[in-house]
Every structure is written in structure tokens, then in C-alpha cells.
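Here the protein sequences come in this chain order: A and B.
Per numbering that gives the first Met the number 0, the very first residue in the first sequence carries number 0; after that it's consecutive.
Per numbering that gives the first Met the number 0, the very first residue in the second sequence carries number 0; after that it's consecutive.
Ideal Cβ placement from N, Cα and C applies to all residues, glycine included.
Have a look at the structure below, then the notes.
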Amino acid sequence: MIHQHRSHIYGVLGEFDNEHALMEAAEKTRNAGYRRIDAYAPFPVEGLSEALGLKSNKVALLTLIGGLCGGLGGFGFEYWCNVISYPLNIGGRPLNSWPAFIPVTFELTVLGASLSAVFGMLALNGLPQPYHPLFNVERFAKHATSDRFFLCIEARDKKFNLAEVARFMQSLGAHHVNEVRDD
Amino acid sequence: MSTGEPPINSPEIRRLSPVIEPGHTYGTVTDKISAIVLTRPASLGWFAGFALSFSIVMMLTVALAWLITKGVGIWGINIPIGWGFAIVNFVWWIGIGHAGTLISAILFLLNQKWRTSINRFAEAMTLFAVACAGVFPLIHTGRPWMAYYMFPYPSTMGIWPQFRSPLIWDVFAVSTYGTVSALFWFVGLIPDLATLRDRAVTKPKQIIYGMLALGWRGSARHWHRYQSAYLLLAGLATPLVLSVHTVVSFDFAVAIVPGWHTTIFPPYFVAGAIYSGFAMVLTIAIPLRKAYNLEDFITMRHLENMAMVMLATGLIVAYGYFFEFFLSKYSGNKFDVFLVDQRLHGPYRYFYFALILCNILTPQLLWFQKVRTNVPALFVMSLIINLGMWLERFVIVVISLTRDFMPSAWGRYSATFWDYATLVGTMGLFTMLLFLFVRVLPAISIAEMRELVAHTSEDDHK
Chain A
0 MIHQHRSHIY GVLGEFDNEH ALMEAAEKTR NAGYRRIDAY APFPVEGLSE ALGLKSNKVA
60 LLTLIGGLCG GLGGFGFEYW CNVISYPLNI GGRPLNSWPA FIPVTFELTV LGASLSAVFG
120 MLALNGLPQP YHPLFNVERF AKHATSDRFF LCIEARDKKF NLAEVARFMQ SLGAHHVNEV
180 RDD
Chain B
0 MSTGEPPINS PEIRRLSPVI EPGHTYGTVT DKISAIVLTR PASLGWFAGF ALSFSIVMML
60 TVALAWLITK GVGIWGINIP IGWGFAIVNF VWWIGIGHAG TLISAILFLL NQKWRTSINR
120 FAEAMTLFAV ACAGVFPLIH TGRPWMAYYM FPYPSTMGIW PQFRSPLIWD VFAVSTYGTV
180 SALFWFVGLI PDLATLRDRA VTKPKQIIYG MLALGWRGSA RHWHRYQSAY LLLAGLATPL
240 VLSVHTVVSF DFAVAIVPGW HTTIFPPYFV AGAIYSGFAM VLTIAIPLRK AYNLEDFITM
300 RHLENMAMVM LATGLIVAYG YFFEFFLSKY SGNKFDVFLV DQRLHGPYRY FYFALILCNI
360 LTPQLLWFQK VRTNVPALFV MSLIINLGMW LERFVIVVIS LTRDFMPSAW GRYSATFWDY
420 ATLVGTMGLF TMLLFLFVRV LPAISIAEMR ELVAHTSEDD HK
């Protein structure tokens with residue numbers, strides 16, 4: 000019965016009382032060889048991403064690229080407007096008066112970097128995502144964003160076996176162990 | 000939190016009030032803050048305040064409609080005083096906004112825990128102040144429907160903006176500032192919107208907060224990237240906020256008008272912006288914590304810290320005033336010397352005296368802890384500083400323009416009813432937006448308060 004419904008099962012979710020219990024459980028789960036795991040907390044818990052084996056993320060790189068595009072694009076555009084497309088000769092002053100182009104270049108650098116930081120973060124996180132199987136678990140939907148901590152071992156993990164994972168989750172000290180259904 | 004000594008008893012902390020009162024858990028902070036939005040019915044006071052500010056906004060719409068019908072002639076401006084209230088109000092509002100960014104970005108980078116309970120509404124204040132500020136450059140153009148001329152767009156006339164002009168820098172600085180402030184605010188709100196979605200009991204609220212929360216579920220992977228993005232945004236917003244008021248000061252400093260053409264303008268405009276902004280944060284925080292019983296979260300420590308920031312930035316502003324005065328005299332330039340004389344003895348001298356009284360003399364009372372911890376005194380002082388900062392911009396704009404180089408080109412300025420209606424109208428807009436904000440969004444960041452609870456309980460265990 001367990002194996003037949005596997006395709007409809009997203010994973011096994013365990014609930015913990017506080018961030019310390021969650022962190023310990025995450026470490027143990029990873030040490031037990033599970034890789035497709037995720038932890039859920041109502042605030043960013045220091046060290047949790049390391050416990051889950053997450054390394055650096057690409058948000059900073061995207062921000063740098065966005066900032067460079069904004070800055071270079073901004074300066075290039077000003078140059079093109081005021082030097083090539085619509086040159087204004089004012090008392091013979093140089094057309095490429097670059098110091099005067101810096102304020103707008105700076106603002107567009109910040110704008111490009113900020114937009115790519117925010118939208119890059121959302122895109123990497125796969126948000127917006129209105130539906131997620133975890134919301135089918137009533138206690139998760141009610142408490143995950145308020146005062147409870149959850150750990151999920153996902154069904155796509157190579158080692159996943161529903162009964163075994165549920166037992167393992169209980170051994171970690173989780174209460175309210177739930178299977179998460181995706182249907 | 001429940002075990003060990005309460006932090007209030009340790010000698011080090013007794014000196015300073017805590018940033019959050021002891022005894023709170025993740026659940027209680029969530030309940031208390033989200034209840035303001037979700038379960039507490041709007042009080043009679045809220046309705047009265049909203050109705051009053053809404054009627055002032057109606058006055059603003061009348062003033063704007065009349066302006067668009069008749070043109071800027073309904074204001075007190077003339078030649079030579081082409082920049083009247085519109086620019087005074089613009090600089091005043093945009094300066095007020097700066098404290099919000101300072102609190103959320105710079106104090107975040109400096110890891111100041113006390114920022115947590117005030118950053119959300121300070122950021123809201125920034126957005127609303129930028130919205131009020133944005134009204135003025137638009138309407139002061141005289142033909143607001145042509146304002147898009149300032150943006151670079153492929154026009155059939157084949158012309159492009161003059162990127163060497165501070166007024167174009169202003170367009171880019173203020174619109175970037177508005178955009179980045181909104182992004183920063185929204186990113187901070189995402190986890191709280193998810194909390195509201197999960198705690199809302201009515202269907203419409205669940206759907207609206209659900210859409211705004213973008214499906215946030217608190218995954219550690221998401222938090223990981225979220226924290227990177229938030230830190231980067233804080234790092235970007237910090238130079239941005241300094242650049243915005245610098246660019247605003249360039250509007251003056253790049254011109255050759257006496258009293259404007261000085262290199263001290265950028266730093267002293269930035270300090271003045273932060274000064275007025277903190278005053279406005281206090282003006283909002285004091286009634287807010289009283290009305291919604293948030294004394295546990297916005298403690299005396301916050302009020303005192305803000306008072307100290309006001310004192311420090313007020314002293315920088317005083318330094319700016321002094322050197323403005325000194326350098327004009329020292330330069331020996333007769334127009335600059337004459338301008339100082341005009342400030343002290345000219346027709347607008349009472350504005351200058353009031354400015355010194357409001358911005359330099361009164362805040363010296365903040366040296367005394369008795370004053371800094373006296374809530375009504377702080378509230379009155381924040382109002383005085385707001386007034387003083389408005390007077391500062393009035394002195395800069397009007398005194399320099401009324402009497403510049405040629406006596407034959409001198410003039411006088413007095414504001415009309417419509418000037419005042421527009422100024423008061425934007426105050427109504429600002430207040431109305433704040434009233435709406437406290438009812439529909441959490442005025443304090445719930446996720447960050449939980450983090451603060453986690454850290455405080457760790458400190459207890461140690």
C-alpha cells in the first residue's frame with residue numbers, strides 16, 4: 000500500500016518545538032544520509048542552512064550582474080543621448096562631460112542591483128508559488144509561519160521509504176509526524 | 000525565556016531598558032502584532048483620525064484640481080521667487096523619508112537590535128513621505144501633464160534629457176529611491192504577509208494576504224537566499240539614501256545663487272534629513288505605541304536612542320549652520336556677506352530666528368536623560384524639530400531668492416491659501432496612509448521580533 004501511492008506523497012513532515020530541536024534533527028537527518036530535506040521556521044535560524052548542507056547562493060552574483068548592467072547601461076545611455084544622438088554645444092565644453100553623468104549612473108547601478116537582488120531571490124526560490132503540498136498539512140498551514148518548526152524528508156530522496164522515514168522522524172523527537180500528500 | 004534570571008536583573012542591562020520586555024514567546028509576539036490587523040476592531044479613535052485625515056486629502060485634491068485649472072499663479076510664487084512652497088515642501092518631505100531607510104538599512108548593517116520594532120513603520124513612513132514629496136516636483140512644473148518630458152523616452156522630436164542638469168539627477172534619484180524603498184519594504188513584509196495569510200479567518204483576507212505573500216512557507220532554503228537579498232538591499236540602500244539628499248542639495252549647490260553655492264550643502268542636507276526623519280519617527284511612534292499598547296515592543300530604549308540620534312544629527316546641522324555663516328563672512332564675497340546680513344536683519348529674519356530656536360537651541364535639552372525619557376516632552380520636541388526643518392528649507396529657498404545680485408530684481412514672497420492648502424493636504428495624505436497602514440499590515444516586523452525573542456532567550460541561558 001505504501002509503495003502504490005508513492006507518486007502522490009510529497010514527503011514526511013515532523014514538527015518540533017523550537018529552533019534548537021529542529022537544528023539537531025536536521026543535522027541527524029543529513030548524517031543519516033537523507034539529502035532531499037528541507038526545514039521550515041518562522042524566522043531565519045542561524046546555522047540551519049549549514050546544517051542542511053546549503054552552500055553559498057547565487058543572489059549576490061545576480062545582484063552584481065544587475066548592478067553592472069544598470070551602471071554601464073546608464074552611463075552608455077547618457078553618453079549616447081548627450082554626445083551622439085542630441086549633442087548640445089554649450090560654450091565649447093566637452094560633450095562627454097563624464098563627471099556630470101555620474102549621479103544618474105550611480106542611481107541606475109543601485110536600481111539595477113536592487114531589482115535583480117529582489118527578483119533574483121524570488122526566482123531562485125521559485126516564488127510566487129500559490130500552491131504547495133505542505134499547505135495540505137493542517138498544522139503546517141497554521142503554525143509554520145508563527146511558532147512551530149518543521150522538518151520534511153521529501154519523497155524524491157533516493158533513500159525514501161514511507162514507513163522507515165516516519166519511524167526515523169519519530170526517533171528524532173518530532174511530534175505530529177505527518178505524511179504530506181500531493182493530490 | 001521561562002528559565003533563568005530575567006534579563007532585567009543583570010546590572011549591565013538595568014542601566015538600559017530592554018529592546019523587548021521579558022516574557023514574550025514566538026506565539027505571543029505573533030498574536031499581539033497580528034491581532035492589530037486581524038482581530039481587533041477599529042477603534043472610534045481610528046475612525047475619527049482616518050475621517051479627519053481623509054477630509055484633508057479631499058482638500059488636497061481640491062487644491063490640486065484648482066492648480067491644474069488655473070496654473071501656478073494661484074500660489075505666492077513670482078519672479079524672482081520661482082521656487083516657493085513647492086520646493087520647500089518637497090525637500091522637507093523627502094528628508095523625512097530618509098530616517099526610515101537609515102533605520103532599516105544602516106542600523107541593520109550595524110547589527111543594532113533595537114531597530115527591529117521600529118523599522119517596519121519607519122519604512123512605511125519613508126514610502127508615504129516619498130509619495131508626498133513626489134507630488135511637488137510634479138505640480139511645480141506648471142504643466143504636470145508634460146512631466147514625462149523629464150524621462151528619457153524616444154520622442155518624435157528626437158530630443159533627449161540634459162543629463163548634466165541636477166534637475167534630471169533629481170528625477171533619477173527620487174524615482175530610484177522610491178522604487179528601492181518599496182522593494183525593501185515589500186521584501187521585509189513577505190514573511191509577515193504569510194503569517195497573516197495563515198492566521199486570517201475570513202476568505203477574502205486569506206486570498207489577499209495569500210496573493211501578497213507569494214506562497215512563502217518559511218523554507219530554510221528560501222530564508223537562506225532571502226537573507227542574502229535583504230543584506231544586499233540594506234547595503235545598496237545605504238549609499239542610495241546618502242546620494243538622494245546629496246542630489247537634492249545639488250539642485251541648490253550647483254546654482255550660483257548666494258547662500259546656495261556652497262560645498263557644505265550635501266553633508267548638511269543629509270544630516271538634516273536624518274534629523275527631521277527621526278523627529279517624524281518619534282512623532283508617529285509615540286501615539287502608535289500608546290494607541291495599540293505596544294509599549295512592550297517600542298520601549299523607552301527606542302525612544303531614548305532616537306532622541307540621541309536626533310541630538311547627534313542636530314549638532315551636525317548646527318555645525319552646518321555655523322560654517323555656512325562663517326564661510327560666507329570669511330569669503331569676503333559681498334553677495335554672500337549680504338545674504339548673511341539678510342538672514343539676520345532682513346524681512347524674513349523671524350523665520351531664521353525661529354529656525355535657530357527650533358533646530359539648535361531646543362534640542363540641547365536632549366542632553367538631559369530626564370528629557371529623553373519623558374514621553375510627552377519628546378513628542379513636543381519632535382514636533383518642534385519638524386517645524387524647524389521646514390523653516391530651514393524656507394530660509395534657504397526664499398531668503399536667497401528674494402534678494403540676490405541686482406536690487407532692481409529683488410522681490411518679496413508670501414504664501415497664499417492654496418500654498419498652505421497643498422502643504423497641509425500632503426500632511427493629511429501622509430497621515431491617512433499611515434492610518435490605513437496600521438490597520439492592514441503589521442506595523443512591527445513579526446518575523447524579526449521572533450528572531451529577537453530567540454536571541455534574547457539565548458542571552459538568558461548564557
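Residue nearest to G424 of chain B within the set B:I35, B:F84, B:I384 is B:F84 (criterion: CA-CA distance). Under the Cβ distance rule, K141 of chain A counts among the residues neighbouring chain B, one pair being separated by less than 8 Å. With a contact defined as Cβ atoms closer than 8 Å, L51 of chain B and W417 of chain B miss out at about 21 Å. Annotation: M380 of chain B to F150 of chain B spans about 40 Å, alpha carbon to alpha carbon. The CB of V339 of chain B never comes closer than 8 Å to any CB in chain A; the least such distance is about 29 Å. Annotation for N88 of chain B: the continuous alpha helix (DSSP H) segment containing it runs 84-100. Fewer than three Cβ pairs drawn from the stretch 232-239 of chain B and the stretch 202-209 of chain B lie within less than 8 Å of each other, which leaves the two stretches out of contact. Here E450 of chain B is buried. Its C-beta has 16 or more other C-beta atoms within 10 Å. The C-beta distance from G46 of chain A to A112 of chain A rounds to 28 Å, too long to meet the 8 Å contact threshold.
Using a 10 angstroms sphere on the CB of V246 of chain B, the tally of other CB atoms reaches 16 or more, which defines it as buried.
Per the DSSP secondary-structure output, Y39 of chain A pairs in a beta bridge with A:F149, B:S218. Burial is judged here by how many other beta carbons sit within 10 angstroms of a residue's own beta carbon; E106 of chain A has at least 16 and is buried. For I395 of chain B against M279 of chain B, the beta-carbon gap comes to about 19 Å, at or over 8 Å, which does not count as contact. In the displayed model, Y267 of chain B falls within a helix according to three-state DSSP.
One Cα belongs to N292 of chain B, the other to A40 of chain A, and the distance between them is close to 27 Å. About 7 Å separates the CB atoms of R402 of chain B and G345 of chain B; that is less than 8 Å, so the two are in contact. The stretch 29-43 of chain A makes contact with the stretch 144-156 of chain A: 3 or more CB pairs, one atom from each, lie closer than 8 Å. Residues of the same chain with a CB within less than 6 Å of the CB of T361 of chain B, apart from the 5 flanking positions on each side, are I383 in chain order. Here A414 of chain B has G75, F84 as same chain residues with Cβ atoms under 6 Å from its own Cβ, once five neighbours each way along the sequence are excluded. Residue pairing for H174 of chain A: DSSP places it in a beta bridge opposite A:E14. Put simply, the backbone Cα of I32 of chain B is about 17 Å away from that of A143 of chain A.
Less than 8 Å separates the beta-carbon of V82 of chain A from that of L94 of chain A. When only Cα atoms are considered, W168 of chain B and V109 of chain A end up about 14 Å apart. By the neighbour-count criterion, in which 16 or more other beta carbons inside 10 Å mark a residue as buried, N177 of chain A falls on the buried side. Contact with chain A is found for I158 of chain B, since one of that chain's Cβ atoms lies less than 8 Å from the residue's Cβ. Against chain B, the CB of L94 of chain A has no partner CB under 8 Å away; the residue lies outside that interface. In the DSSP assignment, the residues bridged to R180 of chain A are A:I8.
For V44 of chain A, the CB contacts under 6 Å within the same chain, skipping 5 residues up- and downstream, are E18 in chain order. When secondary structure is reduced to three states using DSSP, T125 of chain B falls in the helix class. Following the DSSP letters along the chain, one finds K369 of chain B inside the alpha helix (DSSP H) bounded by residues 368-371. Identification of residues in the stretch 69-89 of chain A having a C-beta nearer than 8 Å to some C-beta of chain B yields F76, E77, C80, N81, S84, Y85, L87, given in sequence order. F277 of chain B and I89 of chain A have their alpha carbons spaced roughly 43 Å apart. Residues of chain B with a Cβ closer than 7 Å to the Cβ of F100 of chain A are, in chain order, F162. Of the other Cβ atoms in all chains shown, fewer than 16 fall within 10 Å of the Cβ of L60 of chain A; this residue is therefore exposed. Residue environment for I255 of chain B: exposed (fewer than 16 other C-beta atoms within 10 angstroms of its C-beta).
Counting along the chain, the unbroken alpha helix (DSSP H) around H142 of chain A starts and ends at 137-142.
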